[in-house]
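> Quick note on the working numbering: the sequence shown kicks off at -19 and runs consecutively.
The following block contains the structure, expressed as structure tokens.
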Amino acid sequence: EQYIASLPSIVDRTSKQEGATKLANPNFISIKYNAEIEDPRCCFKCAACCGCLPLYSIGPIPVICAPVCSYFDKERSYLYLREGSLEANTSLDNYCAPICCCCTFDDNVYVNYFDRAPYAIKGCLCPAVPKLETYDPGCICCCVKFDCECCFGPKQVVIMPYEKCCLCCPNRTCWCHNWCGICGQPDGNPIIFNSFYPQPKNAEAFVSQAKQIIPVAQRMEGKSS
């Protein structure tokens, strides 16, 4: 590790980089938030152990599932909020890997730049501005909020495609979604959203940092998405 850290950085690129791929410093990609990863839920653990966790899908149909006795490799997984993108690795391992060569996995790494889908701004007259938001899986019952993580799970970070539809219909829960506090979701939750994995342990801090970075990267000059 010390040997690699001591090597000099080499930059010989002279061609232009466009949009959110531009680097503030051409020698490295700046990581603005290196998140502690949230432990997987019981459903994820059971699906991985039973061989029901989909690895590759065609639409909603799972094509390849993780082999039996798989588990989430937290030490190899990561979630980076970078200067112009989100990078993540959902890594799996298998308890049988030492004795079975068929039970090994490739890293499941993806990078989404903030000036391209699913974060790109869409539309002109009624622009949809995607952003990261916190989703509270708690429940309102008889005007009392219940947010037990054992029952509902921790807060999550989700991709909210727009704040309002056609500038008039809010994309958030309110009193009409929980029957004036009788039963339903807490006020302010996104209604239409996309989830991703892995999740940060501190969802609110992650979203707070993302809200300072994403709007700038979304409007970086480059080819349209």
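C-beta atoms are modelled at their ideal positions from N, C-alpha and C, and glycine is treated no differently.
Predicted model only: the values in this text are computed from it and were never measured.
Looking at Cys163 and the ligand SAM, is the gap between the Cβ and the nearest heavy atom below 6 Å?
Only the bare structure without any ligand can be found here, which leaves the ligand SAM out of the picture.
> Among Thr1, Phe176, Gln189 and Pro170, which residue has its Cα nearest to the Cα of Gly64?
Within the sequence shown, the letter at position 84 stands for residue 64. Answer by Cα proximity: Thr1.
> Helix or strand or just coil, what does DSSP make of Gly164?
As a working note, residue 164 is residue 184 in the sequence shown. Correct three-state label for Gly164: strand.
> Which first and last residues belong to the alpha helix (DSSP H) in which Cys126 is found?
As a working mapping, residue 126 is identified with position 146 in the sequence shown. It should be pointed out that residue 126 corresponds to Phe in this sequence rather than to Cys. Segment Val124 to Phe126 is the beta strand (DSSP E) holding Phe126; no alpha helix (DSSP H) there.
> Measuring alpha carbon to alpha carbon, tell me which residue in Asp167, Arg199 and Arg56 is nearest Phe126.
To locate residue 126, count along the sequence shown from 1; it is residue 146. Residue Asp167 is the option with its Cα nearest to Phe126.
> Do the CB positions of Arg210 and Gly133 come within less than 7 Å of each other?
Because the chain here runs from -19 to 205, residue 210 falls outside it and cannot be looked at.
> Taking the Cβ atom as the reference point for each residue, do Tyr36 and Phe186 lie within a distance shorter than 7 Å?
By 1-based counting over the sequence shown, the position of residue 36 is 56. By 1-based counting over the sequence shown, the position of residue 186 is 206. Not closer than 7 Å, so no.
> Does the region 137 to 145 come within contact of the region 161 to 181, defined as at least 3 CB pairs closer than 8 Å?
Segments in contact, yes.
> Can you tell me whether Val(-9) is helix, strand or coil according to DSSP?
Here residue -9 refers to the residue found at position 11 of the sequence shown. Coil, per DSSP.
> Secondary structure at Lys135, three-state DSSP: helix, strand or coil?
For the purposes of this step, residue 135 is identified with residue 155 of the sequence shown, where counting begins at 1. It is coil, neither helix nor strand.
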